[in-house]
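There are 2 protein chains.
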Amino acid sequence: MKHSLQPKPVLLPSPVLIVGTYNSDGKPNMMNAAWGGIVSSNPPCISVSLREATLSYHNIKKTEAFTINIPSEKFFIEADFVGMVSGRDHDKFSETNLTPEKSKLINAPIVKEFPYSLECELIKQVELGSHTMFIGEIVGIIADSEILTPNKLPDIEKVRPMLWGSFGSNAYYNIGTKLGNSFTVGNELQRS
Amino acid sequence: MKHSLQPKPVLLPSPVLIVGTYNSDGKPNMMNAAWGGIVSSNPPCISVSLREATLSYHNIKKTEAFTINIPSEKFFIEADFVGMVSGRDHDKFSETNLTPEKSKLINAPIVKEFPYSLECELIKQVELGSHTMFIGEIVGIIADSEILTPNKLPDIEKVRPMLWGSFGSNAYYNIGTKLGNSFTVGNELQRS
């Protein structure tokens, strides 16, 4: 039986995006954001939406750059922590024992221990009520060599990313097993 | 060792969004899109980015409405199929044996067999090169009673959503096991 629910922003799965920026004094900062996703292929763009209350919001406004760092599942405690406290009164890199490394392409830090990071240049901002959507062009990717496929792309089975179960479960999960190949399994339903 | 990769839109995990729309003749259509995510909490908004070549793009431009239907893992073949063919020459609902049901709130169909659907009213469009981002305000949610938590939200462990491994694996996956509670496990790193 179908139920009508109150409108809520519940997408399953939601990603775990660790947004890297520099504070105005040059100190590296990071935060956990679930509101975002790929928004274009060419140029490759990703969005992340932040509230004005966050320090990262102001950092991106100033530096016009950010990284999206993808944590592997073993970093779920660190990922949660950087979403709970503010960079205004915490040095989140030192408190998590994670290492900031300056991107060579843009003015934002990557999280060295994470399997890969998207280097993003701010190209657009869209005001949406509680949140401002920052759209970044992905100008580069920094990845650990061990997580790459033969054609040099991040392999989900090696990245072992985490995901967020949104407000229903309020919990993080890892990925399970492969169901089938995309743009392939659907052929079963093609008319002969 | 870190490698610099060519910029590509590789987010892990990526969601599997089945976008429901009506064609200009009123026939229901659906497609598989991975470029999207939540973009705001209040009002609750979601984005989905489509190429002009798709029929769904033109449908949304006309009807200013769409649904985002979340398939459970058992529908991975159907989900793949509706991303492989065009509604211009396929009746994707009848060919997948899925049932369109008109939303009571907006001018778009939901996929009845899927665990839940977001009913979205188009509020903004952003041109981004290859793709146009459609931002929909989530004005309602239609969900199966069996997938709800006690406080009436979709429970990821009952929804059993699928996810896409992006261009590295070109495959779909299910969710794995719970890692820990969000806004909770990070407390371990709080200074005493």
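Those protein sequence lines, which keep their order, are chains H and U. Count along the first sequence starting at 1, add 501, and that's the number in my numbering. Count along the second sequence starting at 1, add 501, and that's the number in my numbering. C-beta: ideal position from N, C-alpha, C; glycine also. Model, not experiment: these values are computed from the prediction.
| Asked | Found |
| --- | --- |
| Comparing the C-beta of S542(U) with each C-beta of chain H, is any distance below 8 angstroms? | yes |
| Less than 8 angstroms between the C-beta atoms of A644(H) and H504(U), yes or no? | yes |
| Assess contact between the region 616 to 625 of chain H and the region 567 to 579 of chain H, defined as three or more Cβ pairs (one per stretch) separated by less than 8 angstroms. Is contact present? | yes |
| How do the region 588 to 604 of chain U and the region 511 to 521 of chain H stand: do at least 3 beta-carbon pairs fall below 8 angstroms, yes or no? | no |
| If you compare alpha carbons, which of K659(U), L629(U) and Q626(U) is closest to E574(U)? | K659(U) |
| Anything in chain H within Cβ reach of L664(U), meaning under 8 angstroms, just list it in chain order. | P514, L664 and I676 |
| Can you tell me whether T633(H) is buried or exposed? The criterion is at least 16 other CB atoms within 10 Å of its CB, across all chains shown. | buried |
| Quick check on the DSSP output: what are the complete beta strand (DSSP E) runs of length 3 or more inside the region 558 to 636 of chain U, in order along the chain? | 566 to 571, 601 to 603, 610 to 612 and 617 to 629 |
| Please decide whether I504(U) counts as near chain H, where near means a Cβ-Cβ distance under 8 angstroms. | Looking at the sequence provided, one finds His at residue 504(U) rather than Ile. Chain H, which has a Cβ nearer than 8 angstroms to the Cβ of H504(U), makes this yes. |
| Taking the CB atoms as reference points, tell me whether A672(H) and G681(U) lie closer together than 8 angstroms. | yes |
| In the DSSP assignment, what are the bridge partners of M532(U)? | V520(U) |
| Keeping to the same chain, check which residues put their C-beta closer than 8 angstroms to that of R589(H); ignore five residues upstream and five downstream. | L556 |
| I need the boundaries of the beta strand (DSSP E) containing I539(U), first residue and last residue. | G537 to S542 |
| Beta-carbon separation of S548(U) and F635(U) under 8 angstroms? | yes |
| Under 8 angstroms Cβ-Cβ, which residues of chain U neighbour F577(H)? | L680, G681 and V686 |
| List the endpoints of the continuous alpha helix (DSSP H) containing G681(H). | Here G681(H) belongs to no alpha helix (DSSP H); instead the beta strand (DSSP E) covers A672 to N682. |
| Since G641(U) sits in a beta bridge, which residues does DSSP pair it with? | E620(U) |
| Output needed for E647(H): all residues of its chain with C-beta closer than 6 angstroms, excluding positions within five of it in sequence on either side, in chain order. | none |
| To which residues of the same chain is C546(H) closer than 6 angstroms at the C-beta, ignoring the five residues directly before and after it? | V540, I636 and E638 |
| Buried or exposed: where does M502(H) fall if 16 or more other Cβ atoms within 10 Å of its Cβ makes it buried? | exposed |
| Quick one: is N671(U) near chain H, going by C-beta distance under 8 angstroms? | yes |
| If you draw a straight line from the alpha carbon of I624(H) to that of T564(H), how long is it in whole angstroms? | 12 angstroms |
| According to DSSP, which residues form a beta bridge with V549(H)? | G537(H) and F635(H) |
| Short of 6 angstroms in beta carbon distance, which residues of its chain neighbour V627(H), apart from the five on each side in sequence? Order them along the chain. | M634 |
| What residues from chain U crowd round I571(H), counting only those whose CB sits closer than 8 angstroms? | L512 and L513 |
| Could you tell me whether the Cβ atoms of L654(H) and G584(U) are closer together than 8 angstroms? | no |
| Output, in chain order, the set of chain U residues within a Cβ distance shorter than 8 angstroms of G469(H). | Lying before the first or after the last residue shown, residue 469(H) is absent from chain H, which here runs from 502 to 693. |
| Keeping to the same chain, check which residues put their C-beta closer than 8 angstroms to that of D581(U); ignore five residues upstream and five downstream. | N533 and Y673 |
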